[in-house]
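There are 2 protein chains.
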Amino acid sequence: MTMQHTAGRRKPPTIHDVAREAGVSRGTVSRVLNGGHYVSPAAQEAVNAAIRRTGYVVNRHARSLITGRSDSVGFLLTEPQERFFEDPNFNVLLRGCTQALAAHDIPLLLMIAGTEAERRRITRYITAGHVDGVLLVSSHSGDPLAERLRDAGVPLVACGKPIGHTSKVSYVAADDRDGARDMVRHLLSLGRRRIGTITGPLDTPGGVERLAGYREVLAEAGVPYDERLVATGDYSRAGGEAGAAGLLDRVPDLDALFVASDLMAQGALTALHRAGRRVPQDVAVGGFDDSPAATSTDPALTTIRQPWDRISAEMVRVLLAQIGGEDPAAVILPTELVRRAST
Amino acid sequence: MTMQHTAGRRKPPTIHDVAREAGVSRGTVSRVLNGGHYVSPAAQEAVNAAIRRTGYVVNRHARSLITGRSDSVGFLLTEPQERFFEDPNFNVLLRGCTQALAAHDIPLLLMIAGTEAERRRITRYITAGHVDGVLLVSSHSGDPLAERLRDAGVPLVACGKPIGHTSKVSYVAADDRDGARDMVRHLLSLGRRRIGTITGPLDTPGGVERLAGYREVLAEAGVPYDERLVATGDYSRAGGEAGAAGLLDRVPDLDALFVASDLMAQGALTALHRAGRRVPQDVAVGGFDDSPAATSTDPALTTIRQPWDRISAEMVRVLLAQIGGEDPAAVILPTELVRRAST
DNA sequence: TTCTCTACTGTGAACGCTCACAGAAGCATG
DNA sequence: CATGCTTCTGTGAGCGTTCACAGTAGAGAA
Numbered sequence: 024m025t026m027q028h029t030a031g032r033r034k035p036p037t038i039h040d041v042a043r044e045a046g047v048s049r050g051t052v053s054r055v056l057n058g059g060h061y062v063s064p065a066a067q068e069a070v071n072a073a074i075r076r077t078g079y080v081v082n083r084h085a086r087s088l089i090t091g092r093s094d095s096v097g098f099l100l101t102e103p104q105e106r107f108f109e110d111p112n113f114n115v116l117l118r119g120c121t122q123a124l125a126a127h128d129i130p131l132l133l134m135i136a137g138t139e140a141e142r143r144r145i146t147r148y149i150t151a152g153h154v155d156g157v158l159l160v161s162s163h164s165g166d167p168l169a170e171r172l173r174d175a176g177v178p179l180v181a182c183g184k185p186i187g188h189t190s191k192v193s194y195v196a197a198d199d200r201d202g203a204r205d206m207v208r209h210l211l212s213l214g215r216r217r218i219g220t221i222t223g224p225l226d227t228p229g230g231v232e233r234l235a236g237y238r239e240v241l242a243e244a245g246v247p248y249d250e251r252l253v254a255t256g257d258y259s260r261a262g263g264e265a266g267a268a269g270l271l272d273r274v275p276d277l278d279a280l281f282v283a284s285d286l287m288a289q290g291a292l293t294a295l296h297r298a299g300r301r302v303p304q305d306v307a308v309g310g311f312d313d314s315p316a317a318t319s320t321d322p323a324l325t326t327i328r329q330p331w332d333r334i335s336a337e338m339v340r341v342l343l344a345q346i347g348g349e350d351p352a353a354v355i356l357p358t359e360l361v362r363r364a365s366t
Numbered sequence: 024m025t026m027q028h029t030a031g032r033r034k035p036p037t038i039h040d041v042a043r044e045a046g047v048s049r050g051t052v053s054r055v056l057n058g059g060h061y062v063s064p065a066a067q068e069a070v071n072a073a074i075r076r077t078g079y080v081v082n083r084h085a086r087s088l089i090t091g092r093s094d095s096v097g098f099l100l101t102e103p104q105e106r107f108f109e110d111p112n113f114n115v116l117l118r119g120c121t122q123a124l125a126a127h128d129i130p131l132l133l134m135i136a137g138t139e140a141e142r143r144r145i146t147r148y149i150t151a152g153h154v155d156g157v158l159l160v161s162s163h164s165g166d167p168l169a170e171r172l173r174d175a176g177v178p179l180v181a182c183g184k185p186i187g188h189t190s191k192v193s194y195v196a197a198d199d200r201d202g203a204r205d206m207v208r209h210l211l212s213l214g215r216r217r218i219g220t221i222t223g224p225l226d227t228p229g230g231v232e233r234l235a236g237y238r239e240v241l242a243e244a245g246v247p248y249d250e251r252l253v254a255t256g257d258y259s260r261a262g263g264e265a266g267a268a269g270l271l272d273r274v275p276d277l278d279a280l281f282v283a284s285d286l287m288a289q290g291a292l293t294a295l296h297r298a299g300r301r302v303p304q305d306v307a308v309g310g311f312d313d314s315p316a317a318t319s320t321d322p323a324l325t326t327i328r329q330p331w332d333r334i335s336a337e338m339v340r341v342l343l344a345q346i347g348g349e350d351p352a353a354v355i356l357p358t359e360l361v362r363r364a365s366t
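In the order they appear, the protein sequences are chains A and B. Under the working numbering, the residues of the first sequence are numbered 24 to 366, in order. Under the working numbering, the residues of the second sequence are numbered 24 to 366, in order.
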């Protein structure tokens, strides 16, 4: 029993072993592995059988060394705060991207660039070619990292429209403006006229676009724009609470509220409740995101669903296309109004 | 201006370029890169300067090819449902692991094994040596994947004690039993005697251990065990709601409730509210996890904090130790009672 | 001197794969 | 019969690194 290795891994089979087993050359095995062009059916079959018998798995390091590709992509989070991890959207996005990539047998490397030191380290890592491309998720755009990476020629797809970038960066986003328009139209259709809004930060696309949609629809409906009805939030629950409190102070006869995120809407509900307003009787409240929390508020939140599953799938598709040599592209996906008890 | 490449990446410098620049050989550069033993101070300095000047970054593929290590680890999620992604603990864990690994310059590969096909694919990937070790997160333990990987000799650290594994698998866990004991003792100290509990699934360590702690403390306090006070939950909000409703049916004079997760506690609060019970006056409610949601319930939830930041740090530490050749280890970390308005 | 020991340095040979190229075989065309 | 074309196959080189080994120089001991 001296041969029993101590749970040790024995040396894995190489392409050479497969070639010998199949009675062909390395080259033929390699061709089978890479699409099977210019390979006879007989050889094809012999190689596949040999792969199965030996349990061969390609050594990606050896492959990457010569091809220069890594066959992996980075999922890069740039956020100074822990914001993302309390954002339910982020989860769905991460999960969706992981699975869309898994379908192509491409691993996802999770990177978090909070501090400047981390940003530098990660930039070096990425530009050294350790990933073929990057899925970039940063809420506050105008991110220096996006530019650095683009300038280094790294294929890049952002989630949400990067603002302040004159040049071409691929992105996939929900139609924020149109979603906001749908919600405000919905509130108007309920007969509400004193419609307030709590925006996202105005250096984020969601902040800007959703506010724009709000203004457009009100203008179309002939409702005069009233600056006192607009509060700027920060996508946090506390921000929503403060924003709603401020609005109620300034405009006591407020009869509807469009809040640019569900999390802020939760806070707004708290503030409305404390101020003795009934929802939706006194004030109708609409959120944005359709996060899981939207069903657990009291009352359940009418909101705008962002198609996160499609967003992640599109991000991966666009990134892989770009890695394959295609030009950057922008994809805008439609949103959907989900009506619940709060309106 | 014909030399201007079209945003193309030029060929990155190799160890050879650095050696030439520093006036030494490849070997010396390599030694500097790997700890700097047997290198003269002069050479050391020359090499570092050359690295800085050339912007050299080691090619990990070439290194991995020869060392057989990949210098990366997998973060493996095995869950048929989307459960994890609605679990706030998971976020903290993922973030913590990513950052603890980043400190060692080790990238984290996120893998999700939902279906059996994915499980097979991922097993092949891992056992082929594409990661040096695996951080395993699966709630329902007795996971076949854990055994497969252990048998393949892959360094492995689980989050939470894997049950049903007779053999040695490293794990890091909070002290579930002790946390439950603290909470039940707390409820007793408030004068409550009809203390119900909603457990986690009994095929999870959290389900089993927290129930055990509950029973132990009641026994110590001389409170007779009453089976009707125990409901089995599934860590979901709906499960908590159903569990609490059932308990109220069976034991109308219930005066306290220990719920094995905050998410279930949220559901329990809903059920209590609907049944007209005031919290904490009529029924004191204690949760478990100290998830972000715990502060946003009404009333805010007394709960047991799990030290997720330390858990992730320990998981990484134990995994790296194991990759370095050390034996598997188990780490149990203490919990902490966080008192809020619900008790 | 000569030998040994230590501290350091350079060199060739891998690691496992892909790619370019050369060549073979089969078949149609000139 | 030569020529070209297409389809298929094997071979050598090389990707950028580490590792084992050989070798050098200087110090101290015999």
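Here a beta-carbon is modelled for each residue, glycine too, at the ideal position from N, C-alpha and C.
1. Return no unless some Cβ of chain A is closer than 8 Å to the Cβ of Q67 (chain B).
2. Using a Cβ-Cβ cut-off of less than 8 Å, list which residues of the region 119 to 132 of chain A approach chain B; keep chain order.
3. Thinking C-beta only, is S284 (chain A) closer than 8 Å to F311 (chain A)?
4. In chain order, what residues of the same chain have a beta carbon less than 8 Å from the beta carbon of D198 (chain B), not counting five sequence neighbours either side?
5. Check distances from the C-beta atoms of the region 140 to 153 of chain B to those of chain A and list, in chain order, the residues that come in under 9 Å.
6. Closest Cβ-Cβ distance between L88 (chain A) and chain B: below 8 Å?
7. I need the straight-line Cα distance from V80 (chain B) to I38 (chain A), nearest angstrom please.
8. Is the CB of S319 (chain A) under 8 Å away from at least one CB in chain B?
9. Tell me the residue span of the beta strand (DSSP E) that contains S193 (chain A).
10. According to DSSP, is I38 (chain A) part of a helix, a strand, or is it coil?
11. Under a three-way DSSP split, which group does E139 (chain B) fall into?
12. Measuring only the C-alpha atoms, how far is D40 (chain B) from S53 (chain B)?
13. Quick one: which chain A residues come within Cβ less than 7 Å of V80 (chain B)?
14. Output yes or no for whether 8 Å exceeds the beta carbon distance between Y248 (chain A) and A254 (chain A).
15. Within the 8 Å Cβ cut-off, does P330 (chain B) reach chain A?
16. May I have the straight-line CA-CA distance separating G31 (chain B) from V177 (chain A), to the nearest angstrom?
17. Given that a residue counts as buried once 16 or more other Cβ atoms are within 10 Å of its Cβ, and exposed if not, what is M24 (chain B)?
18. Between the alpha carbons of L342 (chain A) and G91 (chain A), how many angstroms are there, rounded?
19. If we ignore side chains and look at the alpha-carbon of each, how far apart do K191 (chain A) and C182 (chain A) end up?
20. Within 10 angstroms of its Cβ, does G445 (chain A) collect 16 or more other Cβ (buried), or is it exposed?
21. With burial defined as no fewer than 16 other Cβ atoms inside 10 Å of the residue's Cβ, what is the status of S161 (chain B): buried or exposed?
22. List the endpoints of the continuous beta strand (DSSP E) containing E359 (chain A).
23. I think A169 (chain B) touches L158 (chain B), with their Cβ atoms under 8 Å apart; what is that distance to the nearest whole Å?
24. Assuming V47 (chain B) and A72 (chain B) form a contact by the criterion Cβ under 8 Å, report the distance between their Cβ atoms to the nearest whole angstrom.
25. What does a CB cutoff of less than 6 Å around T121 (chain A) pick up in its chain, not counting 5 residues either side in sequence?
26. Take I145 (chain A) and list the residues in its own chain whose beta-carbon comes closer than 6 Å to its own, dropping the five residues that flank it on each side.
27. Between A:A268, A:A279, A:R118, which has its C-alpha nearest A294 (chain A)'s C-alpha?
28. Considering only their Cβ atoms, is the gap separating L292 (chain A) from G219 (chain A) smaller than 8 Å?
29. Could you check whether the Cβ of G50 (chain A) sits closer than 8 Å to any Cβ belonging to chain B?
30. Answer yes or no: does any C-beta atom of chain A fall closer than 8 Å to that of N71 (chain B)?
31. Just to confirm, is the Cβ distance from T222 (chain A) to G262 (chain A) under 8 Å?
32. Hey, does A42 (chain B) have any beta-carbon neighbour from chain A nearer than 8 Å?
33. I'd like the list of long-range same chain contacts for A123 (chain B), defined as Cβ closer than 7 Å, with 5 residues on each side in sequence excluded.
34. Would you identify the three-state DSSP class for V160 (chain B), choosing helix, strand or coil?
35. When the distance is taken between beta carbons, is Q289 (chain A) closer than 8 Å to R260 (chain A)?
36. Roughly how many angstroms lie between the CA atoms of Q345 (chain B) and S95 (chain A), to the nearest whole one?
Let me lay it out:
1. no
2. T121, Q122, A125, D128, P130, L131, L132
3. yes
4. I355, L356, P357, T358
5. E141, R144, I145, R147, Y148, T150, A151, G152, H153
6. yes
7. Cα-Cα distance, rounded: 29 Å.
8. yes
9. 193 to 197
10. helix
11. helix
12. Answer to the nearest angstrom: the Cα atoms are 12 Å apart.
13. R147, A151
14. It is not a contact, given that the beta carbons lie outside the stated cut-off.
15. no
16. Only weak support is given to the placement of G31 (chain B): the predicted model assigns it a pLDDT of 47, under 50, and the question is left unresolved by the model.
17. Bear in mind that a pLDDT of 29 at M24 (chain B), under 50, signals an unreliable position, so the model cannot answer this.
18. 17 Å
19. 14 Å
20. Absent from the structure is residue 445 (chain A), since the part of chain A shown begins at 24 and ends at 366.
21. buried
22. 359 to 361
23. That pair is no contact at about 12 Å.
24. So it is not a contact: roughly 11 Å between Cβ atoms.
25. Closer than 6 Å at the Cβ level, and outside the excluded window around T121 (chain A), lie L131.
26. M134, A136
27. A:A268
28. Contact: no.
29. Not one chain B Cβ lies under 8 Å of G50 (chain A).
30. It does not: the Cβ of N71 (chain B) has no partner Cβ on chain A nearer than 8 Å.
31. no
32. no
33. Correct list, in chain order: S335, A336, V339.
34. strand
35. yes
36. In a straight line, the C-alpha of Q345 (chain B) is about 25 Å away from that of S95 (chain A).
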